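Here's the structure, in C-alpha cells; my notes come after.
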DNA sequence: CGAATTCCTGACCTTTCGGTCAGTATTACA
DNA sequence: TGTAATACTGACCGAAAGGTCAGGAATTCG
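Chains as they are written, first to last, in the working numbering: chain R, -12 to 191; chain A, -12 to 191.
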C-alpha cells in the first residue's frame, strides 16, 4: 500500500475530465438500465454529458466496456469458489454455505457487473466467452451441492443439480430488485437466503 | 367444441405459407435466444426462410410481436392470481402454495412468453406497460405471502416483502434453464420448489 | 377457364448505429 | 512563456436498422 488507495485527488497532467474507470462505471449502469443492445454510444455520451466521439478517447469500443464489466463479475465470483474449494477444514455443507454467502457478497459489492453478467445472451465472442466462464462457475457450485448431499447434510430426494439451480437461482434473482442504497445489506440478504433455502419458510 | 381444436389442416383460401401464430412463435423464440433488441427483422426473416418484407404481411411491426408475447405471459399469470384470490375456502398458506404451483405451470406451459416478460427492461411504451402490469402481479403475490405470515403459517422473522422476492425469484429463475423437452415437467418442478422453499434443504 | 384470395419478393426509404479523424481546448510542468 | 500531456468537438463514413410499396406467384372457388 505504498501508492494511494483512498480517493486521493491524484493530480493528473492535462485537461481534467473523466477517467476510464468512471466512464466504465456509468456505461455499465446504463447498460443495466436499458439493456446492452438497446444502449447506443450516443445514449452513453448524453449520460456522460459530452459527445459520442469523446468516449473513444477513454475506451476503444462498446464491446470493451462490456468485456470489462463481465470480467469484473466473473473474476470475483471465481474467487469465491477458489476460497470455498481451498477451505478443506469444514464440511461440504459449511463450504456450500460459505459459497452462498460469498456469492451474495460479490453480488452486492459488484452489483452492476454481476447484473450485466446475468443478462448476457451469448451474442458475439465476448458474450460467448463470458457464458463459458459462467458455466464453469455453475458447475463448481453444483459440485459443492453434490458433496453436501453425499455427506448427508442436505435432503437426498432431489437431484443435486436441481437443488443447485434452485438455490443459486434464488441468489441470482437478487439482482432484479436489490439496490445499493436499499433496505438490506449483504449480510442481511445472505442470512435471509440461507434461512429460506436451508431451513424453509414453514414455521415449526 | 364444434370447431376443430386438434391440429386440423384448416383449409385456407390462397397461397399456402406461414400464419400469424407461427410467425409469432418463431419470433419470440428468437427474441429469447438473442435478446429482443439484438434481434433484427432480417434475422427473423432468415430464421423463417423468407424475406424481411414478407414478415410485414403477417404482422404490423416488431413491437407488435413483442406486445403479443408479453400479453400472453401477463394474461396467464394474472389468471393464476385471480384463481388464488377467488378461492376463499382454504388458508392463505394454501392459496400461496396454489399460486406458486400455478405460476410454475404457466411458466412451463408458456415458457417463451414468460421468459420474454422476465427480460423486459422498460424500453418503449410496450415494455413500460408490461412492467406496470407485472408490478401489480408481484404486489398481489406479496400480499398473499403477507397473509400467510399473518396467519402464522410462515416464519415471521423475515419481512414478508423479502420472502416474496426470494420465493418468486426462485420460481422465475426457472426460465434460465428449464427446457420444454428437459428432464422435469411442471409438476416435478413445482414439487421441488415447494420442497426447497417451504421445508428447506437441510435434512432432518 | 377466370377471379378472388393469400403469400411473398426486391428495390427502396429514412434513421440510427458503431466508429474515425483532424483539429481545438484546457491543464501541469519546466 | 512555451511545450507536453490530456480531454473533447463536430463533421463524416459505411453498414445495418425498421419499415414501405408495387408487383408477381401460388392456391381455392365458381
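Beta carbons are placed, not taken as given, at the ideal position from N, Cα and C, and that holds for glycine. This one's a predicted model, so the numbers in the text were calculated from it and none came from an experiment.
Measure the C-alpha to C-alpha separation of residue 84 (chain A) and residue 19 (chain R) and round it to an integer number of angstroms.
Answer to the nearest angstrom: the Cα atoms are 32 Å apart.
Would you verify that the beta carbon of residue 169 (chain A) is, or is not, closer than 8 Å to some beta carbon of chain R?
It does not; no Cβ of chain R falls within 8 Å.
Counting C-beta neighbours from all protein chains within 10 Å, is the total for residue 97 (chain A) 16 or more, i.e. buried, or is it exposed?
Residue 97 (chain A) comes out buried.
Residue burial classification, residue 160 (chain A) (beta-carbon count within 10 angstroms, cutoff 16)
So residue 160 (chain A) ends up on the buried side.
Relative to the C-alpha of residue 149 (chain A), which residue among R:171, R:133 and R:120 is closest?
The residue among R:171, R:133 and R:120 with its C-alpha nearest the C-alpha of residue 149 (chain A) is R:171.
Return helix, strand or coil for residue 103 (chain R), following the three-state DSSP convention.
DSSP places residue 103 (chain R) in the helix class (H, G or I) of the three-state scheme.
Taking the straight line between their C-alpha atoms, what separation do you get for residue 105 (chain R) and residue 117 (chain R)?
Taken atom to atom, the span from the alpha-carbon of residue 105 (chain R) to that of residue 117 (chain R) is near 10 Å.
Please list the partners that residue 141 (chain A) has in chain R, where partner means a Cβ-to-Cβ separation under 9 Å.
The contact set of residue 141 (chain A) on chain R, defined by CB atoms closer than 9 Å, consists of 188, 189 and 190 in chain order.
For residue 28 (chain R) and chain A, any beta-carbon pair shorter than 8 Å?
Taking Cβ atoms only, chain A never reaches closer than 8 Å to residue 28 (chain R), which makes this a no.
What does residue 180 (chain R) touch in chain A if you count any residue whose Cβ is under 7 Å from its own?
Identification of chain A residues near residue 180 (chain R) by a Cβ-Cβ cut-off of 7 Å yields 153, ordered along the chain.
Could you compute how far the alpha carbon of residue 132 (chain A) sits from the alpha carbon of residue 51 (chain R)?
Their Cα atoms are separated by approximately 43 Å.
Got a sec, what are the start and stop residues for the alpha helix (DSSP H) residue 17 (chain A) sits in?
Per DSSP, residue 17 (chain A) belongs to the alpha helix (DSSP H) from 7 to 21.
Going by alpha carbons, who is nearest to residue 93 (chain A) out of A:15, A:185 and A:162?
Out of A:15, A:185 and A:162, A:162 has the C-alpha closest to the C-alpha of residue 93 (chain A).
Residue 143 (chain A) to residue 180 (chain R), Cα distance in whole Å?
Those two C-alpha atoms are separated by around 14 Å.
In chain A, what lies closer than 8 Å to residue 183 (chain R) by C-beta?
Ordered by position in chain A, the residues that pass the 8 Å Cβ test against residue 183 (chain R) are 145, 150, 153, 154, 184 and 187.
Residues near residue 158 (chain A) in its chain [Cβ-Cβ closer than 8 Å; skip 5 each side]:
Counting only Cβ-Cβ distances below 8 Å, and skipping sequence neighbours, we find 87, 90, 91, 94 and 180.
Starting from residue 141 (chain A), follow its DSSP beta bridges and name the residues at the other end.
R:189, per the DSSP bridge assignment.
What does residue 160 (chain A) touch in chain R if you count any residue whose Cβ is under 7 Å from its own?
Simply 156, 157, 159 and 160.
Does residue 109 (chain R) come out as helix, strand or coil in the three-state DSSP assignment?
Here residue 109 (chain R) sits in coil by DSSP.
Closest by CA to residue 182 (chain R), which one among A:53, A:166 and A:145?
Comparing Cα-Cα distances from residue 182 (chain R) to each of A:53, A:166 and A:145, the minimum goes to A:145.
Can you tell me whether DSSP reads residue 46 (chain R) as helix, strand or coil?
Residue state for residue 46 (chain R) is assigned as coil, using DSSP reduced to three classes.
In or out: residue 36 (chain R) buried (at least 16 other Cβ within 10 Å) or exposed?
By the neighbour-count criterion, in which a residue is buried when 16 or more other Cβ atoms sit within 10 angstroms of its Cβ, residue 36 (chain R) is exposed.
Opening and closing residue of the alpha helix (DSSP H) in which residue 85 (chain A) lies:
Note, residue 85 (chain A): alpha helix (DSSP H), 79 to 96.
On a Cα-Cα basis, can you pick out the residue from R:15, R:47, R:65 and R:24 that is closest to residue 34 (chain R)?
Nearest C-alpha to residue 34 (chain R) among R:15, R:47, R:65 and R:24: R:15.
Are residue 61 (chain R) and residue 122 (chain R) closer than 8 Å when you measure CB to CB?
Pairing residue 61 (chain R) with residue 122 (chain R) gives a Cβ-Cβ distance that is not under 8 Å.
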